[in-house]
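S.K.: Next up is a structure, given as structure tokens.
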Amino acid sequence: MPLSQEDVEKLCLLARLEITPEELADVAAKLSDIVALVNQLQAADTAGVVPMAHPLDRAQGLRADRVTESDQHERYQRNAPMVERDLYLVPKVIE
Amino acid sequence: MDNESTRGHEARVIDLASMHEATIAQLAQALKQRKISSKELTEHFLERIARLDDDLNAFITVTRDAALAQAEAADARLAAGDGTALTGIPIAHKDIFCTEGVKTSCGSRMLDNFISPYDATAVARLKQAGAVMLGKTNMDEFAMGSSNETSFYGPVHNPWDRETVPGGSSGGSAAAVAARLVCGATGTDTGGSIRQPAAFTGLTGIKPTYGRVSRYGMVAFASSLDQAGTLTRTAEDAALMLQSMAGTDERDSTSLPDPVPNFSKALEEPWENLTIGVPDNFFDDGLDPKNAQLVREALSVFERLGARLKDIHLEHLHLSVPVYYVVAPAEASSNLSRFDGVRYGHRAESSGGLTEFYMRTRGEGFGAEVKRRILTGAYVLSAGYYDAYYLQAQKVRQLISQDFARAFEDVDLIAGPTTPTPAFGLGQKVGDPIQMYLNDIYTIGAPLAGLPALSTPCGMVDDLPVGLQLVGPHLSEERLLAAAHRFQRETDWHTRVPPGYVD
Numbered sequence: 000m001p002l003s004q005e006d007v008e009k010l011c012l013l014a015r016l017e018i019t020p021e022e023l024a025d026v027a028a029k030l031s032d033i034v035a036l037v038n039q040l041q042a043a044d045t046a047g048v049v050p051m052a053h054p055l056d057r058a059q060g061l062r063a064d065r066v067t068e069s070d071q072h073e074r075y076q077r078n079a080p081m082v083e084r085d086l087y088l089v090p091k092v093i094e
Numbered sequence: 000m001d002n003e004s005t006r007g008h009e010a011r012v013i014d015l016a017s018m019h020e021a022t023i024a025q026l027a028q029a030l031k032q033r034k035i036s037s038k039e040l041t042e043h044f045l046e047r048i049a050r051l052d053d054d055l056n057a058f059i060t061v062t063r064d065a066a067l068a069q070a071e072a073a074d075a076r077l078a079a080g081d082g083t084a085l086t087g088i089p090i091a092h093k094d095i096f097c098t099e100g101v102k103t104s105c106g107s108r109m110l111d112n113f114i115s116p117y118d119a120t121a122v123a124r125l126k127q128a129g130a131v132m133l134g135k136t137n138m139d140e141f142a143m144g145s146s147n148e149t150s151f152y153g154p155v156h157n158p159w160d161r162e163t164v165p166g167g168s169s170g171g172s173a174a175a176v177a178a179r180l181v182c183g184a185t186g187t188d189t190g191g192s193i194r195q196p197a198a199f200t201g202l203t204g205i206k207p208t209y210g211r212v213s214r215y216g217m218v219a220f221a222s223s224l225d226q227a228g229t230l231t232r233t234a235e236d237a238a239l240m241l242q243s244m245a246g247t248d249e250r251d252s253t254s255l256p257d258p259v260p261n262f263s264k265a266l267e268e269p270w271e272n273l274t275i276g277v278p279d280n281f282f283d284d285g286l287d288p289k290n291a292q293l294v295r296e297a298l299s300v301f302e303r304l305g306a307r308l309k310d311i312h313l314e315h316l317h318l319s320v321p322v323y324y325v326v327a328p329a330e331a332s333s334n335l336s337r338f339d340g341v342r343y344g345h346r347a348e349s350s351g352g353l354t355e356f357y358m359r360t361r362g363e364g365f366g367a368e369v370k371r372r373i374l375t376g377a378y379v380l381s382a383g384y385y386d387a388y389y390l391q392a393q394k395v396r397q398l399i400s401q402d403f404a405r406a407f408e409d410v411d412l413i414a415g416p417t418t419p420t421p422a423f424g425l426g427q428k429v430g431d432p433i434q435m436y437l438n439d440i441y442t443i444g445a446p447l448a449g450l451p452a453l454s455t456p457c458g459m460v461d462d463l464p465v466g467l468q469l470v471g472p473h474l475s476e477e478r479l480l481a482a483a484h485r486f487q488r489e490t491d492w493h494t495r496v497p498p499g500y501v502d
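Next comes the structure, spelled out in structure tokens:
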């Protein structure tokens, strides 16, 4: 089932990803090819198979719940595009 | 550097002008015996980078001053007699590894302005061992690619033929080591990104067991698959680098707690009675007949040395590409949601609201292939498709993993070609993602099952190198390295230098 341009526009909104109107047809065509490729999975008999989420089937290690990191926000905020009074700036969200 | 007055000693084992021809193991000896200094070595490789990299584009960043300072510190350490095998050895890191104070771009416009505030664990450990970092290598954007053509910084050229690709995504690391611009380099492998470039450039590339090397500070692509490893000329050198990188890390809860064996010592362990499984799946219609012939000849070398070959079949392996192109994009779409234009990275000019701001920032910051993967991921995870695609892919992944586990009840290693063909031409596949994806058909299975795998040079097809791939059970890096080392003693494919990069 090929993806329509409307499908792609919906995915772009879900993924917060802008593509230009000129790119749209090409992206729809290539995503349709990829979906056709992965559709081969539908033929596999997976009745009773446990989904594999981690390649080694091991439990996560635990460690003590204590503070190990120091406050380095000034250092980290040097990479931020816009900072004011130690706060990251975003476009206005609340009217 | 060729100043006669500095060449007073009679018995320099290594000629200063041809230091790049030596392996890490050989240079470590020479450094330890003070026959050469790390400063001489570092200057020599920096000169090669300055002279030869314009045509290759293997480096995104060259850290000249820091490298010379590290070299001087290494020389002081060696003089005091407390160096390791890597002290003073020039290496490079794939630009996916965070390096404190140095740009870490991941091959993307999104991170073009990102100066990492910390070191990845793998970087910190190599630094601690005394390795000298010469710079950061080019790569496919966010490691998504098999040809290094998706990089924001332009494609990398294969030193064996600059009209062909070096493979990807660790293409810059591969080209840099193959052209003798550096002694060894780090890489990462999610679906073949160490082994395929190693095969295309005539190198030894190892992707260890999932979790063997910490992922802390490695820009995440697909967290259940990503694993760091090395690109070197020999298995012996791979053992030396991996020794420093491997081991548990409290900063990565998926890193394995298992003790790290002595890989160099393991190279000499007996292995003559190994049984090597040869899956018919690896010898399909897509495999170049000349490539197939060289792999068969490589297998006969193992046979002559005492190994037993056994035909096997991996029932679900043909589904590994579809599984990968569900699981990896799904994880990528989640991992890459962190790039929001707020905390770091590219930020678009936008006068609209928050949603428009995010969309424009990400639309400008990511290239075409990354966008395709994010959208594919969003698709397979979206309501109504999750069970049919994502959950189904995880189930087939389980079946593929079980196929390997069953095979390893009867065999010690699995062998086959690393790639279907030698390096393809620049621009040849970049317009057709499916053709590009299918190039990874032999390498994708191992990471899906979390298995360690290695590629070693096994011949030349039309003057281009091709690789033999070895896959082992979990935590069998010693066996893989020992087998490759033994093969490299019997053959000389790994010693070939790309014409034009000898001097």
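Just so you know, the protein sequences line up as chains V and S, in that order. In case it helps, numbering that gives the first Met the number 0 puts the first sequence at residues 0 to 94. In case it helps, numbering that gives the first Met the number 0 puts the second sequence at residues 0 to 502. Think of the CB as a built atom: it goes at the ideal place given N, C-alpha and C, for glycine as much as any other residue. Computed from a predicted model, the values in this text were never measured in an experiment.
#1: In whole angstroms, what separates the C-alpha of G499 (chain S) from that of L202 (chain S)?
#2: Compare the C-beta of D64 (chain V) with all C-beta atoms of chain S and state if any pair is closer than 9 Å.
#3: Could you name the residues of the stretch 250-268 of chain S whose beta carbon sits closer than 7 Å to any beta carbon of chain V, in the order they occur along the chain?
#4: Taking Cβ positions, are G183 (chain S) and G129 (chain S) nearer each other than 9 Å?
#5: Which residues of the stretch 354-371 of chain S have a Cβ closer than 9 Å to any Cβ of chain V? Give them in chain order.
#6: Tell me the rounded alpha-carbon separation between L335 (chain S) and V37 (chain V).
#7: Taking I103 (chain V) as the query, report the chain S residues whose CB atoms sit under 7 Å from its CB, ordered along the chain.
#8: Quick one: grab the DSSP three-state call for C457 (chain S).
#9: Is the CB-CB distance between R76 (chain S) and T62 (chain S) below 9 Å?
#10: First and last residue of the alpha helix (DSSP H) that includes K38 (chain S)?
#11: At a CB-CB cut-off below 7 Å, which residues of chain V make contact with I59 (chain S)?
#12: Going by DSSP, what residues sit across from F96 (chain S) in a beta bridge?
#13: Report the residue from S:R396, S:A367, S:A123 whose alpha carbon sits nearest the alpha carbon of D25 (chain V).
#14: Taking the straight line between their C-alpha atoms, what separation do you get for Y117 (chain S) and P1 (chain V)?
#15: Could you pull the start and end residues of the alpha helix (DSSP H) that A329 (chain S) belongs to?
#16: Below 8 Å, how does it come out for the stretch 306-322 of chain S and the stretch 401-413 of chain S: are there three or more Cβ pairs, yes or no?
#17: Measuring only the C-alpha atoms, how far is R57 (chain V) from G228 (chain S)?
#18: Give the single residue among S:A178, S:A221, S:A49, S:M18 whose Cα lies nearest to the Cα of T189 (chain S).
#19: Enumerate in chain order the residues of its own chain whose CB-to-CB distance from V460 (chain S) is below 8 Å, with the five nearest sequence positions on each side excluded.
#20: What is the DSSP secondary structure of Y117 (chain S), reduced to helix, strand or coil?
#21: Find out if the Cβ-Cβ distance for the pair V259 (chain S), T45 (chain V) is shorter than 9 Å.
#22: At a Cβ threshold of 9 Å, is S145 (chain S) touching chain V?
#23: Can you list the residues of chain V that F44 (chain S) reaches, using a CB-CB cut of under 8 Å?
#24: How far does the alpha helix (DSSP H) with R15 (chain V) in it extend, from its first residue to its last?
#25: At 9 Å on the CB atoms, spell out the chain V contacts of S400 (chain S), in chain order.
#26: Go through its chain and collect everything with a Cβ distance to D386 (chain S)'s Cβ below 8 Å, but skip five positions before and after it.
M.R.: Taking the structure as given:
#1: Here residue 499 (chain S) is taken as the residue at index 500 of the second sequence, counted from 1. Here residue 202 (chain S) is taken as the residue at index 203 of the second sequence, counted from 1. About 17 Å.
#2: Here residue 64 (chain V) refers to the residue found at position 65 when the first sequence is read from its first residue. Closer than 9 Å: no.
#3: Listed in chain order, the positions of the stretch 250-268 of chain S with a beta carbon within less than 7 Å of a beta carbon of chain V are S252, P256.
#4: Walking along the second sequence from the start, residue 183 (chain S) turns up at place 184. Walking along the second sequence from the start, residue 129 (chain S) turns up at place 130. No; because the gap between Cβ atoms is not below 9 Å, this pair is not in contact.
#5: Correct list: T354, E355, F356, Y357, M358, R359, T360, R361, G362, E363, F365, A367, K370, R371.
#6: Residue numbering aside, residue 335 (chain S) sits at position 336 when the second sequence is read from its first letter. Residue numbering aside, residue 37 (chain V) sits at position 38 when the first sequence is read from its first letter. When rounded, the distance between both Cα atoms is 21 Å.
#7: This structure leaves residue 103 (chain V) out entirely; chain V is present only between 0 and 94.
#8: Walking along the second sequence from the start, residue 457 (chain S) turns up at place 458. It is a strand residue.
#9: For this step, residue 76 (chain S) is matched to residue 77 along the second sequence. For this step, residue 62 (chain S) is matched to residue 63 along the second sequence. No, they are not a contact pair.
#10: What you label residue 38 (chain S) is simply residue 39 of the second sequence in a count that begins at 1. From DSSP, the alpha helix (DSSP H) with K38 (chain S) extends over 37-51.
#11: Taking the second sequence and counting its residues from 1, the one referred to as residue 59 (chain S) is at position 60. Residues of chain V passing the Cβ test: none, with the nearest at roughly 17 Å.
#12: Mapped onto the second sequence, residue 96 (chain S) falls at position 97. Bridge partners of F96 (chain S): S:M217.
#13: Taking the first sequence and counting its residues from 1, one reaches residue 25 (chain V) at position 26. The candidate whose alpha carbon is nearest that of D25 (chain V) is S:A367.
#14: Position 118 of the second sequence, counted from the first residue, corresponds to residue 117 (chain S). Position 2 of the first sequence, counted from the first residue, corresponds to residue 1 (chain V). In a straight line, the C-alpha of Y117 (chain S) is about 44 Å away from that of P1 (chain V).
#15: One-based indexing of the second sequence puts residue 329 (chain S) at position 330. Where A329 (chain S) is concerned, the enclosing alpha helix (DSSP H) stretches over 319-334.
#16: yes
#17: One-based indexing of the first sequence puts residue 57 (chain V) at position 58. One-based indexing of the second sequence puts residue 228 (chain S) at position 229. C-alpha separation (whole angstroms): 21 Å.
#18: For this step, residue 189 (chain S) is matched to residue 190 along the second sequence. Considering only alpha carbons, the answer is S:A221.
#19: As a working mapping, residue 460 (chain S) is identified with position 461 in the second sequence. Cβ within range, chain order: D287, K289, N290, L293, T420, P421.
#20: For this step, residue 117 (chain S) is matched to residue 118 along the second sequence. Three-state DSSP puts Y117 (chain S) in coil, outside helix and strand.
#21: As a working mapping, residue 259 (chain S) is identified with position 260 in the second sequence. As a working mapping, residue 45 (chain V) is identified with position 46 in the first sequence. Going by C-beta atoms, V259 (chain S) is not nearer than 9 Å to T45 (chain V).
#22: For the purposes of this step, residue 145 (chain S) is identified with residue 146 of the second sequence, where counting begins at 1. At a cut-off of 9 Å, the C-beta of S145 (chain S) has no neighbouring C-beta in chain V.
#23: Position 45 of the second sequence, counted from the start, is the residue given in the question as residue 44 (chain S). None at all; the shortest Cβ gap to chain V is about 30 Å.
#24: What you label residue 15 (chain V) is simply residue 16 of the first sequence in a count that begins at 1. R15 (chain V) -> no alpha helix (DSSP H), and no H or E assigned at all.
#25: The residue given as residue 400 (chain S) occupies position 401 in the second sequence. Neighbours of S400 (chain S) across chain V, judged by C-beta separation under 9 Å: M51, P54, D56.
#26: On the second sequence, residue 386 (chain S) is found 387 positions in, with the first residue counted as 1. None.
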